[in-house]
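Peer 1: In the UniProt record's numbering, the protein residues as written are 1 to 427.
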Ligand SMILES: [Zn+2]
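#1: Using the three-state DSSP reduction, which class does residue 263 fall into: helix, strand or coil?
#2: Roughly how many whole angstroms lie between the Cα atoms of residue 408 and residue 372?
#3: Does ligand 1 have a heavy atom nearer than 6 Å to the CB of residue 403?
#4: Can you tell me whether residue 344 is helix, strand or coil according to DSSP?
#5: Could you check what DSSP says for residue 177 in three-state terms: helix, strand or coil?
#6: Just to confirm before moving on: does the CB-CB distance between residue 347 and residue 331 stay below 7 Å?
#7: Please list, in chain order, all residues of the same chain as residue 231 whose beta carbon is under 7 Å from its beta carbon, the five residues on each side excluded.
#8: Specify, as a first and last residue, the run of the alpha helix (DSSP H) that residue 402 falls within.
#9: Would residue 211 pass as a contact of residue 297 if the rule is Cβ separation under 7 Å?
#10: Residue 337: beta carbon under 6 Å from a heavy atom of ligand 1?
#11: Just to confirm the assignment: which complete beta strand (DSSP E) runs, minimum length 3, are found wholly within the stretch 185 to 261?
#12: Output the boundary residues of the alpha helix (DSSP H) element that contains residue 25.
#13: Residue 178: beta carbon under 6 Å from a heavy atom of ligand 1?
#14: Could you check if residue 246 is buried or exposed, using at least 16 other CB atoms within 10 Å of its CB as the buried criterion?
#15: Determine, using beta carbons only, whether residue 405 and residue 363 come nearer to each other than 7 Å.
#16: Does the Cβ of residue 188 have 16 or more other Cβ atoms within 10 Å, making it buried, or fewer, making it exposed?
#17: Taking residue 302 as part of the beta strand (DSSP E), name the residues at either end of that continuous run.
#18: Which residue from 154, 12 and 260 puts its Cα closest to that of residue 58?
#19: What residue range does the beta strand (DSSP E) around residue 371 cover?
#20: Pull the bridge partners of residue 78 from the DSSP assignment, please.
Structure below.
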């Protein structure tokens, strides 16, 4: 970063009174994907491995950048956005002419001659003197129905064996200001969803409000527990998908390659001394303080990129259509079988749904559930009973066969569950 800035500043300082500093730059991966929080603190190698863990096998190939570049691997393609407004607001210096659009340059020329009688006639609101820019942050903070809320972000990583770990930010981490909607944009059975703006991008922030004990009866530690489970599920699903795609490739099985798992972030709301938790959190200051006297309870949020596209449902909580005649559906059906096999018959992915995000053609999985043998993966986990239902109702598609998967692999489970069904009927 320092090296890059030194290079950029050579040109920059020729035409501007101040220098660019790291806070004027927003680094992004290919496809306008934000980099991981605090990842620039260590070495370049460290920076690479953090992103390689998360995006290394992503079909979007954001680490490699535009395909036309043909970057050799390992490589990491980065784009640096110069935050011109922030630079100007913070330093009071005007940014070099080459970062402005022609329109902006014309506008600035006009405003520089506002003393001129002939230009007064032409002046409109858009031709205010260039110093009077409103900083973006206060613009969005002032949006009615939204509040500025501070967040820290944890790093979620998946090990080679699929184990998910969460690295919490340490006490030196700097909170990031986000804009968070005060009232929910929508809600499902268990979670409320709020619009959020993070790093100038549209996200949603989700939290639990009903875990079966009534609305807004969720304790702070319960929300944490269920959100961590949800995030673990998302991270693991990404891991399973990578393996599935690799297996299919190796066996030469054609699958729908547009599938990916949603990006996500684990946000920790920062409540400053003397301030209350956000309106969106639904947690009063009293409740927050109570929770924090005994333990260090965190106000956790699940951040996901905001989606507006239509949702396609591919499986239900206990319903697994085969989708023989739909490539995406049958790929996801085979994927479900693959995960069951890969996890030694201990995990079944359920409630698979995708959105086809506008523009990039990707079908993004989100909000999936799992049935696990110990029944402890979170909300909607029906345990062994849920697994048995999958075993009984799964219908193999050609892609299952192609990937070496067959129902013979689970005849034992079938037989056992068949027997137990009969016993129940006898009683
Ligand atoms: Zn199958």
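Ideal Cβ positions, reconstructed from N, Cα and C, are used throughout, including at glycine.
Peer 2: Result, derived from the coordinates:
#1: coil
#2: 20 Å
#3: no
#4: coil
#5: strand
#6: no
#7: 156, 264, 266 and 302
#8: 398 to 402
#9: no
#10: yes
#11: 191 to 198, 201 to 208 and 259 to 261
#12: Counting along the chain, residue 25 falls outside any alpha helix (DSSP H), though it belongs to the beta strand (DSSP E) covering 25 to 29.
#13: no
#14: exposed
#15: no
#16: exposed
#17: 299 to 305
#18: 260
#19: 369 to 372
#20: 29
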